[in-house]
Amino acid sequence: NRNYEFQKWIPLSNESDFWNTWGISICPTVQTLQFQEVIYDEDTIDEKEIWFVGELS
């Protein structure tokens with residue numbers, strides 16, 4: 001769990017067409033988990049996407 005006062009991980013849909021958009025072919029058994037990370041740091045809010053790709057359990 002990464003949900004704290006200054007950091008949040010928000011689950012994103014795994015239905016992304018990222019692989020097709022960039023012309024990347026991957027094994028159909030590969031799993032992905034995607035999150036939006038939001039970090040609150042004094043005056044700024046930083047946001048990015050984090051992807052986990054592989055055999056996930």
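Per full-length UniProt numbering, the sequence shown runs over residues 1 to 57.
For every residue, glycine included, the Cβ atom is placed at its ideal position computed from N, Cα and C.
(request) Give the DSSP-derived three-state secondary structure of Trp19 in the structure shown. (result) Walking along the sequence shown from the start, residue 19 turns up at place 19. In the three-state reduction of the DSSP assignment, Trp19 falls in the helix class, which pools H, G and I.
(message) Quick check: what's the CA-CA separation for Trp19 versus Ile26?
(response) Locating residue 19 in the sequence shown gives position 19, where the first residue counts as 1. Locating residue 26 in the sequence shown gives position 26, where the first residue counts as 1. Between Trp19 and Ile26, the C-alpha separation is close to 8 Å.
(request) Quick one: residues in its chain with C-beta nearer than 7 Å to the C-beta of Leu56, no 5 flanking neighbours on either side, listed in chain order? (result) On the sequence shown, residue 56 is found 56 positions in, with the first residue counted as 1. Cβ neighbours of Leu56 beyond the five flanking positions: Gln31 and Leu33.
(request) Work out the CA separation of Thr44 and Trp17 for me, nearest whole Å. (result) If you number the sequence shown from 1, residue 17 lands on position 17. If you number the sequence shown from 1, residue 44 lands on position 44. As written in the sequence, residue 17 is Asp, which differs from the Trp given in the question. Inter-residue distance for Asp17 and Thr44 is about 30 Å (C-alpha atoms, whole angstroms).
(request) On the DSSP bridge assignment, give the partners of Pro28 in chain order. (result) For the purposes of this step, residue 28 is taken as the residue at position 28 of the sequence shown. Answer is none; Pro28 lacks a bridge partner.
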